[in-house]
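First up is the structure itself, then whatever we jot down about it.
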Amino acid sequence: MEINDHVDLDQFMAGVKKRNPGQTEFIQAVQEVAQDIYEFIDDKVQYHEAQILRRIAEPDRVVSFRVCWEDDNHHIRVQRGWRVQSNNAIGPYKGGIRFHPSVNESVLKFLAFEQTFKNSLTGLPMGGGKGGANFNPKGKSDAEVMRFCQSFMTELYRHIGPETDVPAGDIGVGGREIGYMFGQYKRITGRWEGVLTGKALEYGGSQMRPEATGYGAVYFLRNMLRHAGQDIEGKNAVISGSGNVATHAAEKVVQLGGKVLTLSDSGGFIYDPDGIDQEKINWIKHLKNVKRGRISEYADHFTNATHHEGKRPWNVPCDLALPCATQNELDADEAEALVENGCIAVSEGANMPTTLEGVKVFHDAKILYGPGKAANAGGVAVSGLEMSQNSGRVSWNTQQLGEMLTELMDGIHAKCVEYGHEGGKDGSGYVDYVKGANIAGFKKVADAMLAFGVV
Ligand code: GLU
-3 MEINDHVDLD QFMAGVKKRN PGQTEFIQAV QEVAQDIYEF IDDKVQYHEA
47 QILRRIAEPD RVVSFRVCWE DDNHHIRVQR GWRVQSNNAI GPYKGGIRFH
97 PSVNESVLKF LAFEQTFKNS LTGLPMGGGK GGANFNPKGK SDAEVMRFCQ
147 SFMTELYRHI GPETDVPAGD IGVGGREIGY MFGQYKRITG RWEGVLTGKA
197 LEYGGSQMRP EATGYGAVYF LRNMLRHAGQ DIEGKNAVIS GSGNVATHAA
247 EKVVQLGGKV LTLSDSGGFI YDPDGIDQEK INWIKHLKNV KRGRISEYAD
297 HFTNATHHEG KRPWNVPCDL ALPCATQNEL DADEAEALVE NGCIAVSEGA
347 NMPTTLEGVK VFHDAKILYG PGKAANAGGV AVSGLEMSQN SGRVSWNTQQ
397 LGEMLTELMD GIHAKCVEYG HEGGKDGSGY VDYVKGANIA GFKKVADAML
447 AFGVV
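This is the structure:
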C-alpha cells in the first residue's frame, strides 16, 4: 500500500480505534463525522493526499496535570486536570472547561473534536479545544471550589492566552468558577486580558452569554420548524437538564408560545402538566445557582408536578424535544418512544446527547433533528463576541447581542441546509442536519489546513 493510499471508512475507523483504545466517546464522535466526510471527500483528491481527516482526528496536543487542593477538613485531595487543544487552523483554541466526576481523556477529546466543527460553523475565527477535571463541585463549599479552581489555573495558565487558547464554562463550571479562575490567572500573570469567556459583566463579560446556548438551541429549532412550514407556538416541549442551557432553552420556548413539560438533573426528571412558566423557571434558576439544590425539590414546591426518580423524560409525549443535559442521555429506545409519541423535532442543547443508534432512529423517521454542534453553537458564538469586545475594549448592549445571536443561528442553519439538503436525492426536501453541520464545519477547517501545507 502506498502511504497516501485512500483507505476506506472501515479501515479509517479501525485505525482510530487502534490508536485510541477504550476511548469510546471520542471514537463515537469521530465515527459520526467521518461517515459524512467520507462521502463528501470521495472525489476530492487534495483532502486525501493531505490526509486532512486523519490529521483532524488527532488532537494537536493533550495536556494533563495533577491538581492538589485542601478540603475544609484539611484533607489533601488529588484530581486530574486536562486541556485538549484539538485544532487551531482557523483561530485560537476555544472551548469550555468541564468539572464532573465522569471527565476523562476520552470525553474531553470528543468534546474538543466536536468543538472544532461547531466553532467553524459559527463563521467566527475560533479553533477547537476543551478542558476539565474529574472534580465534583456538588456538595463542595465555595471555599473548596475556590481552592480547587485556583490550583487548576496554576497549572492551566501556562497553556492558555487570548491569542492561543481561550477556555470558558461547561458542565460544573459557571460564573462562580470562571471568576475564581480568572482571578488566579490575573494574579499569576499580572495581566488583565480576555483569556476566559463567560465572565461576569463587571469584569469583561458579555451581555447574552448566559442565555446564548439555550436561546440559540431554540432559535435553531425555530429555524428547522420554519423551514418545514411549522412553528413553536402551541407546541409541547420536553427538556432535560436544569442548568444554564436547559433553563434558558425553557425560557425561550415559553417566550415563543410553547409549553415546557419537563426538566431534569442526574437524580431524575420533573413533569409539570401545567407547564413550567417564567416564574417557575426563575425559581429553578435560584434553586440551582444560589441554593445549589436538586430538581426533586420542584415537585415539593409546585404540588401539581411529579418527580420521577432516576428516570429520563423521553417517554413523556411531546412535539419538541431538547436534550440539554449531557452526552449519551438519549438512546435508541428513547428515540423510538419520542417518534412514536409524535415528536416532530429535536434540537440538542447538550453536546452529543443522542447515541449513534438514537440518531439513526431520528433519521429513519425523517423527523427534524438538529445535532449539538449546530444547535448549541450559540453559546460559543457569543463567547467569540465576548473575545471581540475584550480585545476592542468595547461592550455591546443586550439588543445588539440578541440580534447578532439570532443572525449567527440563522447563518448556521443556512449552512446546514446548503450541505445537508437531500431533496435532490429522494425529492422529499429532507434536510440531514448532521451531514450539513459536519460538511460545512469540516470544509472551512480543511481548506485552511490545505493552505498551511504539512504542519
Ligand atoms: N462549553 C460550551 C460549548 O460546549 C461553550 C464553550 C465556549 O464558550 O467556549 O460549546
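For the sequence shown, position 311 matches number 307 in my numbering, and the numbering has no gaps at all.
Using N, Cα and C, we set each Cβ at its ideal position, and we do this for glycine too.
- Relative to the non-hydrogen atoms of the ligand GLU, the Cβ of Thr193 comes within a distance shorter than 6 Å of at least one.
- Here the C-alpha atom of Arg57 lies approximately 13 Å from the C-alpha atom of Phe106.
- Between Asp32 and Val430 a beta carbon distance of about 7 Å is seen, short of the 8 Å cut, so the two are scored as contacting.
- DSSP lists Gly77 as the bridge partner or partners of Phe61.
- By the 16-neighbour rule on beta-carbons within 10 angstroms, Thr118 is buried.
- Of the candidates Gly212, Val241, Phe36, the residue whose Cα lies closest to the Cα of Met400 is Gly212.
- The ligand GLU never approaches Ser424 closely enough for any of its heavy atoms to be under 6 Å from the residue's Cβ.
- For the pair Ala25 and Met348, the Cα-to-Cα distance works out to about 8 Å.
- A straight line joining the alpha-carbon of Leu257 with that of Gln203 spans about 28 Å.
- Non-local C-beta neighbours of Ile167 in its own chain, meaning closer than 6 Å and more than five positions away in sequence, comprise Arg94, His96, ordered along the chain.
- Between Val191 and Tyr176, the CB-CB gap reaches or exceeds 7 Å.
- Assignment of Asn69 by DSSP, reduced to helix, strand and coil, places it in the coil class.
- Per DSSP, Asp227 lies in no beta strand (DSSP E) and is assigned neither H nor E.
- Around the Cβ of Asp296, a 10 Å sphere holds fewer than 16 other Cβ atoms; the residue is exposed.
- Inclusion of Asp327 and Gly354 in the CB contact set at 7 Å is warranted, their separation being smaller than that value.
- Per the coordinates, the alpha-carbon of Thr243 lies some 26 Å from the alpha-carbon of Ala410.
- If you look at Ile266, you'll find it in the beta strand (DSSP E) that goes 264 to 267.
- Around the Cβ of Lys134, a 10 Å sphere holds fewer than 16 other Cβ atoms; the residue is exposed.
- Here Leu104 really is in contact with Trp78; their C-beta atoms are around 5 Å apart, less than 8 Å.
- Per DSSP, the beta-bridge partners of Tyr365 are Val342.
- In this structure, Ala164 has its CB closer than 6 Å to one or more heavy atoms of the ligand GLU.
- The continuous alpha helix (DSSP H) containing Ala333 extends over residues 328 to 336.
- With 16 or more other Cβ atoms inside 10 Å of its own Cβ, Lys276 counts as buried.
- In this structure, the alpha-carbon of Ala85 lies about 22 Å from that of Tyr153.
- Taking a 10 Å sphere around the C-beta of Glu21, we find 16 or more other C-beta atoms and assign the residue as buried.
- Rounded to the nearest whole angstrom, the CA to CA distance from Ala10 to Val41 is 21 Å.
- Within the same chain, Pro55, Val58, Leu104, Lys105, Ala108, Gly125, Lys126, Gly127 come within 7 Å of Val80 by CB-CB distance, once the 5 residues on both sides are set aside.
- Here DSSP, grouped into helix, strand and coil, assigns Ser379 to helix.
- Gly375 has its CB nearer than 6 Å to a heavy atom of the ligand GLU.
- Short note on Lys90: C-beta closer than 6 Å to some heavy atom of the ligand GLU.
- Between Ile174 and Gly165, the C-beta spacing is below 7 Å.
- Per DSSP, Phe95 lies in no alpha helix (DSSP H); the unbroken beta strand (DSSP E) holding it starts and ends at 89 to 95.
- Distance check between Leu197 and each of Gly210, Asn132, Arg172 places Arg172 closest, using alpha-carbon atoms only.
- Its chain contains Ile37, Leu49, Ala442, Leu446 as the residues whose beta carbon lies nearer than 8 Å to that of Tyr43, once the 5 sequence neighbours on both sides are disregarded; these appear in chain order.
- Note on geometry: alpha-carbon atoms of Ala370 and Asn69 lie some 44 Å from one another.
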